[in-house]
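Line order of the protein sequences matches chains G and R.
FYI, the numbering for the first sequence is 1233 to 1528, going by our numbering.
FYI, the numbering for the second sequence is 3 to 329, going by our numbering.
Each residue gets a CB set at the ideal place from its N, CA and C atoms; glycine is no exception.
One structure below.
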Amino acid sequence: MADATALTASARLVVAPRSNVGRAWRQLRRNRAALAGLVVIAALVFAAAFAPLLTPYDPYAVALEARLQPPGGAHLLGTDELGRDILARLLFGARVSLWVGLVTVTLAATIGVSGGLLAGYLGGLWDAVIMRLVDVFLAFPVIILAISIVAVRGPGLNNVLIALALVYWTNYARVARSVVLTLREEEYTWAARTLGAGPVRIMVHHLLPNAVAPLVVLASLGMGNAILAEAALSFLGLGIQPPEASWGSMLNYGMQFLRDASFLTTLPGLAIFVTVLGFNLLGDGLRDALDPRLRT
Amino acid sequence: MGRYVAQRLLHTLVVLFGVALLTFALIHLTPGDPVLVMLGQDATPTELARLRHMLELDQPLYVQFVNYLSRLTTGQLGDSIFQHQPVTRLLAERFPATLELTVAAMIVAIVVGMLSGIISALWPYSAFDVVAMFVALSGVAMPVFWLGMLAILLFSLQLGWLPSFGRGEPLTDAVGAWVRFGDPSDLVDALKHLLMPGITLGAYSAALISRLVRSALLDVLGQDYVRTARAKGLRGFAVIARHALPNALIPVVTVIGLQVGTLLGGAIIAEMIFAWPGIGRLLIQAINQRDYPLVQGIVLLTAVVVSGINLVVDLLYGTINPRVRYG
């Protein structure tokens, strides 16, 4: 009997998400905006992965005699103030942006989901401490907290990743906690508990899978936010350091040439805009497909 | 309601304590010796020891924190290392400019966001709605600094309509001059300087508010009580203004409150683009000089402002939401 209960419980967990994924995909496919977002992201991943094959130019090769060339000609999108090929730098910048988005979201989700699960499932003092910590982090404007962490740690990719993870974990904690709170007293949680499952097992095997849908939505929107924040930090000179190609720092250096060579700022800005738009469109679409309750 | 107010006040106090703790911890996140980082490799051991003593970094950690807290309660934020002035004085000088910019952006966000959201909800899928929602979607993905540069490119460099950087007279002074002496030239100049940074900064929040108002209002318009109000013969405008909007706006108030933090953060970036003399530029300058007391002071100030606004929004929420009011 006990075995049967466990079997049904685990069957539900194994079977249910799979059919949900199918349903969500069918719904997503009908959403043209979300598909557009998906196409943008796919193109970006392609550009980042095959960057060296897509351009004959080295993004770091300085050629002062060919500086500030407008788009068209030998350099399709022109050259920057040091004569470096802008298309090459945009392509390699895509790598930085995607990497920042991916690592930030992974780190933030890991911290946040762990905190949210603990707060929601254990309750009491755990809940009070973790959620007050969330409130404290939320009291700081996102970009200011990120700036100050990078300021003391020093600029550079790794510190940007740490700063952004510390800024964005709160969203995941809140979502994970709220899912756990609604499911903590469900029958199947009790069943698992009766069968002798410990808190960790219940949290990871029985509660977490139910939080996957909202977390996927959050992660997609989070990718866009992280990419935007990295660009802002790099624009302020606190993020990715030269000569590394980052869209934000390209804008930073291009700004001095706004009057005479506006393509130095319009092109990287456009790249950031389209990328963030892509992740937002996909995120909105995923929200509609996976979790209609979250719709705003 | 009294219990609710007491709860929110206590909550804010706890958050402020945490905010102080986190700002305090900031300086200790430095890899290596913070004093060495601030003064650089060329500093003599005496200079290092003096700054270490001045910042109390030679004291045990808990003593440092207790002292920090007790100074905070009397409104002291220490001295800027490179400007040799109290941090509070620097903040008092620069914060009004940031506040002016943030308030201007907030007005843009609320007016544009609410209006377009309401129109979109009243005529969903109309041409206006489609265009407005496309613009709103773009606005949320648009980096503030890029929008600012595009605006400078168009309105300053191409058309020459607006100044590309700097601030005019403080808006309050300019209004005063206009009222007292009947001379509007300062006011016009101040507004010309404020217009582009204000709209640039407010665009993101306007987009967010517009999307939220639209969906909240559409939700409410489908409710039974709205149909009932229509059925009893109320005119369209009365239904919207008396029945639908107040309920739709409850979630919007919370989001508007949350935008204060976003706008204060965005102001840092907008100030860098438009050379606006507020605390954002001060922060970046302090970071480049590794002036940690000043960095701490600015970060603390923004967090206290955000916490204060959150408290106000929560209390406001209590008065406009019957479920809290009578709960």
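Best match in the options for proximity to residue i [C-alpha to C-alpha]
| i | options | result |
| --- | --- | --- |
| G/Phe-1372 | R/Arg-216, R/Leu-28, R/Asp-293, R/Arg-91 | R/Leu-28 |
| R/Val-16 | G/Ala-1360, G/Ile-1376, G/Phe-1511 | G/Ala-1360 |
| R/Leu-219 | R/Asn-249, R/Val-132, R/Leu-196 | R/Asn-249 |
| R/Gly-299 | R/Leu-285, R/Gly-310, R/Val-255 | R/Leu-285 |
| G/Met-1435 | G/Ala-1256, G/Arg-1416, G/Pro-1446 | G/Arg-1416 |
| G/Leu-1465 | G/Gly-1486, G/Ser-1481, G/Gln-1301 | G/Ser-1481 |
| R/Ile-154 | R/Ala-272, R/Tyr-227, R/Val-215 | R/Ala-272 |
| R/Pro-172 | R/Ser-118, R/Val-21, R/Leu-103, R/Ser-309 | R/Leu-103 |
| G/Ala-1340 | G/Ala-1451, G/Thr-1498, G/Leu-1502 | G/Ala-1451 |
| R/Val-146 | R/Leu-23, R/Met-198, R/Arg-237 | R/Met-198 |
| R/Val-297 | G/Thr-1421, G/Ile-1379, G/Ala-1443, G/Ala-1503 | G/Ile-1379 |
| G/Gly-1355 | G/Leu-1330, G/Ile-1375, G/Val-1412, G/Asp-1312 | G/Val-1412 |
| R/Ser-207 | R/Gly-263, R/Leu-161, R/Asp-226 | R/Gly-263 |
| G/Arg-1364 | G/Ala-1405, G/Arg-1262, G/Glu-1476, G/Ala-1281 | G/Ala-1405 |
| R/Leu-366 | R/Leu-41, R/Ser-118, R/Leu-50, R/Leu-101 | Residue 366 of chain R is absent from the model: chain R starts at 3 and stops at 329. |
| R/Ala-134 | R/Gly-115, R/Met-144, R/Met-151, R/His-55 | R/Gly-115 |
| R/Gly-150 | R/Gly-184, R/Leu-196, R/Val-105 | R/Leu-196 |
| G/Ala-1397 | G/Gln-1488, G/Arg-1255, G/Val-1335, G/Val-1272 | G/Val-1335 |
| R/Ala-99 | R/Leu-223, R/Thr-174, R/Ile-289 | R/Thr-174 |
| R/Gly-224 | R/Gly-235, R/Val-241, R/Gly-184 | R/Val-241 |
| R/Ile-270 | G/Trp-1358, G/Arg-1255, G/Ile-1375 | G/Ile-1375 |
| G/Thr-1497 | G/Trp-1401, G/Asp-1290, G/Leu-1300 | G/Leu-1300 |
| R/Ala-343 | R/Arg-5, R/Leu-23, R/Ala-8, R/Tyr-6 | No answer is possible for residue 343 of chain R: it lies beyond the span of chain R, which begins at 3 and ends at 329. |
| R/Leu-156 | G/Thr-1402, G/Ile-1362, G/Gly-1347, G/Arg-1491 | G/Arg-1491 |
| R/Thr-14 | R/Gln-43, R/Asp-316, R/Ala-209 | R/Asp-316 |
| G/Val-1345 | G/Leu-1357, G/Trp-1331, G/Val-1366 | G/Val-1366 |
| G/Trp-1331 | G/Ala-1281, G/Glu-1297, G/Ala-1351 | G/Ala-1281 |
Own chain partners of residue i with C-beta closer than 8 Å, once the 5 adjacent residues on each side are dropped
| i | result |
| --- | --- |
| R/Lys-194 | Leu-164, Pro-165, Gly-170 |
| R/Pro-295 | Leu-57, Leu-79, Gly-80, Asp-81, Ser-82, Ile-83, Val-89 |
| G/Val-1294 | Leu-1314, Gly-1315, Arg-1316 |
| G/Ser-1478 | Gly-1325, Val-1328, Ser-1329, Glu-1462, Ala-1463, Ser-1466, Gly-1471, Ile-1472 |
| G/Ala-1266 | Leu-1260, Leu-1513, Leu-1514, Asp-1516, Gly-1517, Leu-1518, Asp-1520, Ala-1521 |
| R/Gln-87 | Asp-81 |
| R/Phe-97 | Gly-280, Ile-281, Leu-303 |
| G/Pro-1249 | Low local confidence applies: a pLDDT of 49 at G/Pro-1249 is under 50, so the model's placement there is unreliable, with the coordinate-based value given in what follows. These residues qualify, in order along the chain: Pro-1441, Val-1444. |
| R/Gly-200 | Leu-103, Ala-106, Ala-107, Ile-109, Val-110 |
| G/Ala-1268 | Gly-1510, Leu-1513 |
| R/Pro-331 | The shown model of chain R, from 3 to 329, leaves out residue 331 of chain R, and the question about it has no answer. |
| G/Leu-1377 | Phe-1369, Ala-1395, Leu-1398, Val-1399 |
Residues near residue i in its chain [Cβ-Cβ closer than 6 Å; skip 5 each side]
| i | result |
| --- | --- |
| G/Gly-1333 | Met-1455, Ala-1458, Ile-1459 |
| G/Leu-1308 | Leu-1319 |
| G/Asp-1235 | Because the pLDDT at G/Asp-1235 is just 48, under 50, the model does not fix this residue reliably, and the value given afterwards should be weighed accordingly. Hits under 6 Å: none found. |
| G/Gln-1259 | Ala-1521 |
| R/Asp-188 | Glu-171, Ala-176, Ala-179 |
| G/Tyr-1292 | Pro-1475 |
| R/Val-301 | Thr-25 |
| G/Phe-1495 | Pro-1303, Gly-1310 |
| G/Asn-1391 | Val-1382, Arg-1385 |
| G/Phe-1489 | Leu-1496 |
| G/Ile-1273 | Gly-1510 |
| R/Asp-185 | Ala-179 |
Residues sharing a beta bridge with residue i, DSSP
| i | result |
| --- | --- |
| G/Pro-1291 | For G/Pro-1291, which the question treats as bridged, DSSP gives no partner whatsoever. |
| G/Asp-1317 | G/Thr-1311 |
| R/Pro-88 | R/Asp-81 |
Whole-angstrom C-beta distance between residue j and residue i, which should lie under 8 Å
| i | j | result |
| --- | --- | --- |
| G/Pro-1387 | G/Leu-1470 | 5 Å |
| R/Leu-260 | R/Arg-10 | Rounded, the Cβ-Cβ distance is 16 Å, inconsistent with contact. |
| G/Leu-1447 | G/Val-1407 | 6 Å |
| R/Ile-211 | R/Gly-268 | Wrong, their Cβ atoms sit about 14 Å apart, outside the cutoff. |
| G/Pro-1431 | G/Leu-1322 | Actually they are not in contact, since the Cβ atoms of G/Pro-1431 and G/Leu-1322 sit about 48 Å apart, beyond 8 Å. |
| G/Ile-1381 | R/Trp-148 | Their Cβ separation, rounded to whole angstroms, is 24 Å, which puts G/Ile-1381 and R/Trp-148 out of contact at 8 Å. |
| R/Phe-130 | R/Ser-122 | 7 Å |
| R/Leu-59 | R/Val-37 | 6 Å |
Sequence-distant residues of the same chain with beta carbon closer than 7 Å to residue i, five excluded per side
| i | result |
| --- | --- |
| R/Phe-19 | none |
| G/Val-1247 | In this predicted model, G/Val-1247 has a pLDDT of only 42, less than 50, meaning its place in the structure is not dependable; the value taken from the coordinates is given anyway. Correct list: empty, nothing qualifies. |
| R/Ile-289 | Val-297 |
| R/Phe-158 | Correcting the residue type first, residue 158 of chain R is Ser in the shown sequence and not Phe. Contacts found: Leu-164, Pro-165, Ser-166. |
Unbroken stretches of the beta strand (DSSP E), 3 residues or longer, contained in the segment 1339-1366 of chain G: none
Whole alpha helix (DSSP H) runs in the segment 1400-1445 of chain G with 4 or more residues, listed along the chain? 1419-1426
Residue ranges of each alpha helix (DSSP H) within the segment 134-196 of chain R, 4 or longer: 146-153, 173-183
Go through the segment 243-290 of chain R residue by residue and report every complete run of the alpha helix (DSSP H) that reaches 4 residues or more, in order. 247-276, 281-290
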